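Asks: Numbering (this note's numbering), first residue to last: 1 to 294. One structure is given below, represented as structure tokens, and several questions about it will come after.
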């Protein structure tokens, strides 16, 4: 077996995740896909219908389902997210493991580049991961955010059998001693729709995730709305074909012209940094969960 896909999800229907599209986007790359669905109780009998929804729509033999309980006592710094990622990762049997989160989707145009990257990852002993470029949509699928306050790249394919594990809040991967994987940047994109849902759904998602980072007793505001924050740009390219239905059902009536501005003095420093990056390709002080190699 060459490639295993893996992901995790909890309350995917309630929180408006394009989880079905996420899984289907990696399926052409994979010999198996491990899907870890989270439940509210240790017996794994209580969820919002996400498990049944995915089982009904992903019926092929390559799909392997896992049920897991999200322990409410693991609610600090988003650690439950890496724990749940690793539950799925530990079930993978392939030489390479293709990760996708529930609000991320691959574009069909990028699959050949990813396939070539996976082959190189398997063949090169020193290579431990593949890095993707990110498109973070914000407020609407026609708007994306690109600035130094949001990560522009991350590892989404790793070599199996080398003890790489999901790290902290599951943004990236590390070895047990904290070492970052040696990874190659490939010409492929992750379309991230996590901030492109309706304001009502986003308010639910933010309240849910605030508890994962700050504890089960943390209460965030019920009021939330999209603002014209720094770094927003108009998206002029195509979305993955798999996302057509989700986009039609979730498109918000927002634009760069209608969003209320939310600019601060500190954004001047960001603008200078972003300008330097636009000229040089170098992002000052960039945090990376990987070590880039050629």
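We put the CB at the ideal spot given by N, CA and C, even for glycine. Note that the coordinates shown come from a computational prediction; the quantities given were computed from them, not determined experimentally.
Can you tell me where the alpha helix (DSSP H) holding residue 269 begins and where it ends?
Replies: In the chain shown, counting from the first residue as 1, residue 269 sits at position 269. Residues 267-280.
Asks: Counting along the chain, where does the beta strand (DSSP E) carrying residue 96 start and finish?
Replies: Residue numbering aside, residue 96 sits at position 96 when the chain shown is read from its first letter. Residue 96 -> beta strand (DSSP E) spans 96-99.
Asks: Between the stretch 110-122 and the stretch 33-42, do three or more beta carbon pairs fall short of 8 Å?
Replies: The stretch 110-122 vs the stretch 33-42: no contact.
Asks: Out of 73, 99 and 94, which has the shortest C-alpha to C-alpha gap to residue 25?
Replies: Counted from its first residue, the chain shown places residue 25 at position 25. The shortest Cα separation from residue 25 among 73, 99 and 94 belongs to 99.
Asks: Would you check if the stretch 67-87 and the stretch 132-143 touch, i.e. whether three or more CB-CB distances between them fall below 8 Å?
Replies: At 8 Å Cβ cutoff, the stretches do not touch.
Asks: Should residue 227 and residue 253 be called a contact, given that it needs their Cβ atoms to be closer than 9 Å?
Replies: Looking up residue 227 in the chain shown gives position 227. Looking up residue 253 in the chain shown gives position 253. In this structure, residue 253 does not lie closer than 9 Å to residue 227 by Cβ.
Asks: Tell me whether the beta-carbon of residue 229 lies closer than 9 Å to the beta-carbon of residue 262.
Replies: As a working mapping, residue 229 is identified with position 229 in the chain shown. As a working mapping, residue 262 is identified with position 262 in the chain shown. Cβ atoms of residue 229 and residue 262: closer than 9 Å.
Asks: Would you report the Cα separation of residue 112 and residue 28, rounded to the nearest angstrom?
Replies: What you label residue 112 is simply residue 112 of the chain shown in a count that begins at 1. What you label residue 28 is simply residue 28 of the chain shown in a count that begins at 1. Approximately 10 Å, taken between the alpha carbons.
Asks: Specify the secondary structure class of residue 51 as computed by DSSP and reduced to three states.
Replies: Position 51 of the chain shown, counted from the start, is the residue given in the question as residue 51. The answer is helix: DSSP assigns residue 51 an H, G or I state.
Asks: Nearest by alpha-carbon distance to residue 137: which of 184, 90, 188 and 194 is it?
Replies: Within the chain shown, the letter at position 137 stands for residue 137. The option with the nearest alpha carbon to residue 137 is 194.
Asks: Kindly indicate which residue of 201, 246, 173 and 245 has the alpha-carbon position closest to the one of residue 224.
Replies: For this step, residue 224 is matched to residue 224 along the chain shown. Answer by Cα proximity: 201.
Asks: At the 9 Å Cβ level, is residue 26 part of the contact set with chain B, yes or no?
Replies: No chain B is part of this structure, which consists of one protein chain only.
Asks: On the DSSP letters alone, give me the boundaries of the alpha helix (DSSP H) that residue 163 sits inside.
Replies: Translated into positions along the chain shown, residue 163 becomes position 163. Careful: residue 163 lies outside any alpha helix (DSSP H) and carries neither H nor E.
Asks: When you compare the CB positions of residue 4 and residue 93, do they come within less than 9 Å of one another, or not?
Replies: As a first step, residue 4 is located in the chain shown; it is residue number 4 there, counting from the start. As a first step, residue 93 is located in the chain shown; it is residue number 93 there, counting from the start. Yes.
Asks: Mind checking who residue 63 pairs with in its DSSP beta bridge?
Replies: Residue 63 sits at position 63 when you count from the first residue of the chain shown. BP columns for residue 63 point to 33.
Asks: Considering only the alpha carbon of each residue, which of 49, 31, 42 and 86 lies closest to residue 20?
Replies: One-based indexing of the chain shown puts residue 20 at position 20. The candidate whose alpha carbon is nearest that of residue 20 is 49.
Asks: So, at 8 Å on beta carbons, what are the nonlocal neighbours of residue 88 in its own chain, with the 5 sequence-adjacent residues on each side left out?
Replies: Along the chain shown, one-based indexing puts residue 88 at 88. Cβ neighbours of residue 88 beyond the five flanking positions: 6, 7, 8, 34, 35, 36 and 66.
Asks: Put residue 256 into one of helix, strand or coil per three-state DSSP.
Replies: Indexing the chain shown from 1 puts residue 256 at position 256. In the structure shown, residue 256 sits in coil (DSSP, three-state: anything other than H, G, I, E or B).
Asks: Could you check where the alpha helix (DSSP H) with residue 23 kicks off and where it finishes?
Replies: On the chain shown, position 23 is the one that residue 23 refers to. Here the alpha helix (DSSP H) through residue 23 covers 19-26.
Asks: Under the rule that 16 or more other beta-carbon atoms within 10 Å means buried, what is residue 232, buried or exposed?
Replies: Residue 232 sits at position 232 when you count from the first residue of the chain shown. The residue is buried, with at least 16 neighbouring Cβ atoms inside 10 Å.
Asks: Could you check where the alpha helix (DSSP H) with residue 113 kicks off and where it finishes?
Replies: Your numbering for residue 113 matches position 113 in the chain shown. That run of the alpha helix (DSSP H) goes 111-123.
Asks: What are the partner residues of residue 38, as DSSP defines its beta bridges?
Replies: The sequence position of residue 38 within the chain shown is 38, counting from 1. Partner(s): 68.
Asks: Let me know the secondary structure DSSP gives residue 90 once reduced to three states.
Replies: Numbered from 1 along the chain shown, position 90 holds the residue referred to as residue 90. Reduced to three states, the DSSP call for residue 90 is coil.
Asks: Per DSSP, what are the beta-bridge partners of residue 183 in this structure?
Replies: Here the question's residue 183 lines up with position 183 in the chain shown. In the DSSP output, where bridge partners are listed per residue, residue 183 has 129 and 292.
Asks: Which of helix, strand or coil does DSSP assign to residue 80?
Replies: Reading the chain shown from its first residue, position 80 is the one you call residue 80. It is helical.
Asks: Between the C-alpha atoms of residue 256 and residue 181, what's the straight-line distance to the nearest angstrom?
Replies: Here residue 256 refers to the residue found at position 256 of the chain shown. Here residue 181 refers to the residue found at position 181 of the chain shown. The alpha-carbon atoms of residue 256 and residue 181 are separated by roughly 38 Å.
Asks: Strictly by DSSP, which residues pair up with residue 136?
Replies: Numbered from its first residue, the chain shown carries residue 136 at position 136. The partner list for residue 136 (beta bridge, DSSP) reads 145 and 192.
Asks: Residue range of the beta strand (DSSP E) that residue 9 falls in?
Replies: Here residue 9 refers to the residue found at position 9 when the chain shown is read from its first residue. That run of the beta strand (DSSP E) goes 3-9.
Asks: On the DSSP bridge assignment, give the partners of residue 105 in chain order.
Replies: Taking the first residue of the chain shown as 1, we reach residue 105 at position 105. BP columns for residue 105 point to 191.
Asks: Skipping 5 residues on each side, what residues in its chain have a beta carbon closer than 6 Å to that of residue 242?
Replies: Looking up residue 242 in the chain shown gives position 242. These residues qualify, in order along the chain: 21, 24 and 25.
Asks: Could you pull the start and end residues of the beta strand (DSSP E) that residue 245 belongs to?
Replies: Residue mapping note: residue 245 aligns to position 245 of the chain shown, counting from 1. That residue, residue 245, is in no beta strand (DSSP E); its alpha helix (DSSP H) goes 244-250.
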